[in-house]
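Per our numbering, the sequence shown starts with residue 35, numbered consecutively. Backbone N, C-alpha and C fix where the C-beta goes; we use that ideal spot for every residue, glycine too. This one's a predicted model, so the numbers in the text were calculated from it and none came from an experiment. Have a look at the structure below before the remarks.
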Amino acid sequence: MRSPQLLEKAIGLVEQFAICNRCLGRQFAWLSTNSTNESRGYSLKLAISMIADQMYKMGEKERGLAILQDLARNGMFSPAVTLCKKYGSDIEHKERCQLCAHGDLSIFEGIPLIVERAIIESKGYEFDTFLVGSSMVKSLEELNEEIQGKFGLVHAETLKSDFNRELGKQLSDKMDWTVNFERPDIVIFYDMKNDRVEIRSNPVFIYGRYCKLVRGIPQSRWDCKICKGKGCGECGGTGRNYPDSISEYISIPIQEALKGTRFKFHAAGREDVDVLMLGNGRPFVVEITKPRTRHPDFEVLTRTINSHAHGKIKVHSLELTTRKKLQSLKTSASETVKEYRALIHISGEVSAVTLQEAMERLTGATLDQRTPHRVSHRRSDLVRKKQVFEVRLVKKDAHTVDGFFKVQGGTYVKELISGDDGRTSPSLTEMLGTECKCVELNVTAVHS
Ligand SMILES: [Zn+2]
Ligand SMILES: [Zn+2]
């Protein structure tokens with residue numbers, strides 16, 4: 035039979051520690067749920083008191099009285115105080131529970147005040163859901179863990195979990211706020227040691243698509259190599275190679291609208307500085323750190339971004355998204371299909387038949403593409419297999435060809451044209467037997 039073992043553990047606890055109802059009940063929290071730790075603790079104390087009284091009356095007077103005295107003193111259990119008095123033993127109960135007292139109060143008695151402070155702190159934040167977090171005072175947490183180990187209390191709840199749950203409950207009761215365990219908008223964090231209430235606002239993720247309508251803008255801010263952003267003679271004191279970037283045009287207005295502290299710009303791949311991004315645009319996600327608002331007016335935001343960018347870039351389809359979507363945007367970048375238009379310069383003379391042959395042989399080809407010379411400083415040197423889905427070539431004049439390329443994401447199209455000294459094969463240069471060079475390139479579609 036297991037129940038006496040449970041009661042023996044409870045009697046042992048009351049013998050050794052000043053312990054309140056809640057803290058006693060917490061040691062058995064996962065037994066008979068749909069109750070509270072407070073009532074579990076009270077019920078255990080009442081059962082112990084009844085057993086001890088029975089002992090006292092049935093010939094185990096000394097042992098029975100000893101248990102009643104522990105229950106009165108350590109257990110702070112008033113029925114036991116009364117019984118002891120009746121049996122001629124005046125017992126003063128202790129003032130504080132050893133398992134939850136911090137300063138003059140129980141940490142649980144301190145909760146209503148923390149609730150008030152959390153409400154004030156949270157006033158500057160817009161949120162729909164919240165979660166409570168906390169750090170306990172070390173000595174209390176350690177004592178609780180030590181007791182649970184020593185008594186083998188396998189169905190106990192931790193002090194922190196009990197505290198967080200109570201704080202969360204009082205907050206949602208008072209404010210009608212909704213708890214969300216997986217993705218709360220904010221975490222109300224209580225640092226017990228330093229008695230500090232903090233609001234930790236989780237990031238907001240905003241999805242959209244951008245078009246780049248002029249050449250010469252890098253996707254992300256490009257710091258001057260020489261001064262690393264500090265400003266030097268080489269960069270005219272600006273600290274950067276290019277005055278603007280797509281990520282800043284898009285992210286800064288979003289950060290301002292959400293009143294965040296920082297932004298991170300993520301896109302499904304990137305085009306070179308001199309390449310346009312046309313068609314339906316390239317998908318991106320902007321991550322805003324510590325936002326104070328979470329529901330921007332996307333129509334207004336779209337207009338703000340587009341007007342601040344002076345027609346250089348354009349965004350559309352802005353909407354809220356999740357971290358999960360951001361991850362799939364990143365991982366699927368090489369699985370997407372992209373379309374390009376290229377203006378190609380051809381050195382030698384090429385017949386219409388040769389051009390037709392090259393078109394047919396490149397369509398459906400698998401490229402072996404070694405990391406191009408021009409990016410080898412930032413990407414590891416390896417050979418990637420890339421799929422070419424479609425190539426169309428139209429002769430404009432003796433040395434100029436208009437090219438259309440539909441390829442797997444991550445393909446270097448400039449090198450598919452030039453061959454990059456044999457590092458990309460097959461290539462247009464290889465097929466035509468004369469040097470080809472991409473003069474102008476536009477991305478016309480990113481399918482995802
Ligand atoms: Zn306690
Ligand atoms: Zn510089």
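Ligand 1 and I139: does any heavy atom of the ligand fall closer than 6 Å to the residue's C-beta?
The residue you call residue 139 lines up with position 105 of the sequence shown. Note that residue 139 is Leu in the sequence shown here, rather than Ile. False, no ligand heavy atom lies under 6 Å from that Cβ.
How many Å lie between K79 and R234 at the Cα?
Counted from its first residue, the sequence shown places residue 79 at position 45. Counted from its first residue, the sequence shown places residue 234 at position 200. Rounded to whole angstroms, K79 to R234 spans 40 Å at the Cα level.
According to DSSP, is C131 part of a helix, a strand, or is it coil?
Taking the first residue of the sequence shown as position 1, residue 131 is located at position 97. C131: coil per DSSP, three-state reduction.
For R418, which option in V387, G46, G437, P460 has the closest C-alpha, if you only look at C-alpha atoms?
Taking the sequence shown and counting its residues from 1, one reaches residue 418 at position 384. The option with the nearest alpha carbon to R418 is P460.
Which runs of the beta strand (DSSP E) spanning at least 3 residues fall entirely within the segment 152-232, listed in chain order?
Fully enclosed beta strand (DSSP E) runs of 3 or longer: 163-169, 220-225.
Determine, using beta carbons only, whether E155 and V231 come nearer to each other than 7 Å.
Residue numbering aside, residue 155 sits at position 121 when the sequence shown is read from its first letter. Residue numbering aside, residue 231 sits at position 197 when the sequence shown is read from its first letter. Closer than 7 Å, so yes.
Rounding to the nearest angstrom, what Cα-Cα distance links H189 and C54 in this structure?
Numbered from 1 along the sequence shown, position 155 holds the residue referred to as residue 189. Numbered from 1 along the sequence shown, position 20 holds the residue referred to as residue 54. Their Cα atoms are separated by approximately 18 Å.
Can the beta-carbon of S351 be found closer than 7 Å to that of G443?
To locate residue 351, count along the sequence shown from 1; it is residue 317. To locate residue 443, count along the sequence shown from 1; it is residue 409. The answer is no: Cβ separation not under 7 Å.
Runs of 3 residues minimum, wholly inside the segment 281-332: which ones carry the beta strand (DSSP E) assignment?
As far as the segment 281-332 is concerned, its whole beta strand (DSSP E) runs of at least 3 residues are 296-301, 309-323.
Compare the Cα-Cα distances from A343 to each of D278, Q204, G263 and report the closest residue.
The residue you call residue 343 lines up with position 309 of the sequence shown. The shortest Cα separation from A343 among D278, Q204, G263 belongs to D278.
Cutting at 8 Å between CB atoms, please list the residues of its own chain near L177, excluding the five before and the five after it.
Your numbering for residue 177 matches position 143 in the sequence shown. Closer than 8 Å at the Cβ level, and outside the excluded window around L177, lie Q132, L133.
Would you kindly work out how many angstroms separate the C-alpha atoms of L354 and P218, rounded to a whole number?
One-based indexing of the sequence shown puts residue 354 at position 320. One-based indexing of the sequence shown puts residue 218 at position 184. Between L354 and P218, the C-alpha separation is close to 15 Å.
One question on the structure: do Q403 and K420 come within less than 7 Å of each other, judged by their Cβ atoms?
Within the sequence shown, residue 403 is the residue found at index 369, counting from 1. Within the sequence shown, residue 420 is the residue found at index 386, counting from 1. A contact, by the Cβ cut-off of 7 Å.
Can you tell me the Cα-Cα spacing of I280 and I181, whole angstroms?
What you label residue 280 is simply residue 246 of the sequence shown in a count that begins at 1. What you label residue 181 is simply residue 147 of the sequence shown in a count that begins at 1. Near 58 Å, if we compare the C-alpha coordinates of I181 and I280.
Using 10 angstroms around the beta-carbon of M92, count the other beta-carbons present and answer buried if the total reaches 16, otherwise exposed.
To locate residue 92, count along the sequence shown from 1; it is residue 58. By the neighbour-count rule (16 or more Cβ atoms within 10 Å), M92 is not buried but exposed.
Looking at C-alpha atoms only, which residue of V166, E96, V115 is the closest neighbour of L105?
Counting from 1 along the sequence shown, the entry for residue 105 is found at position 71. The residue with the shortest Cα to Cα distance from L105 is V115.
Let me check one thing: in DSSP terms, what residues is I380 bridge-paired to?
Numbered from its first residue, the sequence shown carries residue 380 at position 346. Looking at the DSSP assignment, I380 forms a beta bridge with C470.
Can you give me the C-alpha to C-alpha distance between E391 and I286, rounded to a whole angstrom?
By 1-based counting over the sequence shown, the position of residue 391 is 357. By 1-based counting over the sequence shown, the position of residue 286 is 252. So the two alpha carbons sit approximately 49 Å from each other.
Within the continuous alpha helix (DSSP H) that includes T272, where are the two ends?
Start at 1 with the first residue of the sequence shown, and residue 272 comes out as number 238. Careful: T272 lies outside any alpha helix (DSSP H) and carries neither H nor E.
For ligand 2, I want to know if C245 counts as a neighbour, meaning its beta carbon is within less than 6 Å of at least one of the ligand's heavy atoms.
Here residue 245 corresponds to residue number 211 of the sequence shown, with the count starting at 1. No, since every heavy atom of ligand 2 falls outside the 6 Å radius drawn around the Cβ of C245.
Quick check: the Cα distance between K471 and T212, rounded to an integer number of angstroms?
For the purposes of this step, residue 471 is taken as the residue at position 437 of the sequence shown. For the purposes of this step, residue 212 is taken as the residue at position 178 of the sequence shown. Their Cα atoms are separated by approximately 60 Å.
For N476, name the three-state secondary structure that DSSP assigns.
If you number the sequence shown from 1, residue 476 lands on position 442. Reduced to three states, the DSSP call for N476 is strand.
Check whether the Cβ atoms of V166 and L201 lie closer than 7 Å to each other.
Working through the sequence shown from its first residue, we reach residue 166 at position 132. Working through the sequence shown from its first residue, we reach residue 201 at position 167. Yes, they are a contact pair.
What does R418 pair with, by DSSP beta-bridge criteria?
Here residue 418 refers to the residue found at position 384 of the sequence shown. For R418, which the question treats as bridged, DSSP gives the partners Q403.
Count the C-beta pairs between the segment 295-313 and the segment 249-257 that are closer than 8 Å, then say yes if the count reaches three, no if not.
Flag = yes, the segment 295-313 and the segment 249-257 touch.
Provide the residue span of the alpha helix (DSSP H) that contains K448, from first to last.
Translated into the one-based positions of the sequence shown, residue 448 becomes position 414. Note, K448: alpha helix (DSSP H), 447-452.
Please identify the residue among L363, D196, V309, C261 whose C-alpha is closest to the C-alpha of E321.
The count along the sequence shown starts at 1 and reaches residue 321 at position 287. When only C-alpha atoms are compared, the closest one is L363.
Let me know the secondary structure DSSP gives I240 once reduced to three states.
Taking the first residue of the sequence shown as position 1, residue 240 is located at position 206. Looking at I240 - three-state DSSP - the assignment turns out to be strand.
Going by the DSSP bridge assignment, what does C245 pair with across the sheet?
Your numbering for residue 245 matches position 211 in the sequence shown. For C245, which the question treats as bridged, DSSP gives the partners K348.
Return the residue from the list T295, I288, H379 that minimises the CA-CA distance to R337.
Taking the sequence shown and counting its residues from 1, the one referred to as residue 337 is at position 303. Measuring from the Cα of R337, the nearest candidate turns out to be I288.
At a cut-off of 6 Å, is L133 close to ligand 1 when judged by its beta-carbon and the heavy atoms of the ligand?
Numbered from its first residue, the sequence shown carries residue 133 at position 99. Result yes, Cβ under 6 Å from ligand 1.
For N476, I'd like the list of residues in its chain whose CB is within less than 7 Å of its CB, leaving aside the five on either flank, ordered along the chain.
The residue given as residue 476 occupies position 442 in the sequence shown. V309, L310, L312, Y374, R375, listed in sequence order.
What I want to know is whether the C-beta of C261 ends up closer than 6 Å to one or more non-hydrogen atoms of ligand 1.
Sequence index remark: in the sequence shown, residue 261 carries index 227 (1-based). No, the beta carbon of C261 sits no closer than 6 Å to any heavy atom of ligand 1.
Give me the residue from I141, H411, S368, S381 with the minimum Cα distance to S195.
Position 161 of the sequence shown holds residue 195. Checked all of I141, H411, S368, S381; the closest Cα to S195 is I141.
Indicate whether F318 and Y224 have their beta-carbon atoms separated by less than 7 Å.
For the purposes of this step, residue 318 is identified with residue 284 of the sequence shown, where counting begins at 1. For the purposes of this step, residue 224 is identified with residue 190 of the sequence shown, where counting begins at 1. Cβ distance not < 7 Å, so F318 and Y224 don't count as in contact.
Buried or exposed, going by whether 16 or more other CB atoms sit within 10 Å of the CB of N409?
Sequence index remark: in the sequence shown, residue 409 carries index 375 (1-based). Note that residue 409 is Val in the sequence shown here, rather than Asn. So V409 counts as exposed.
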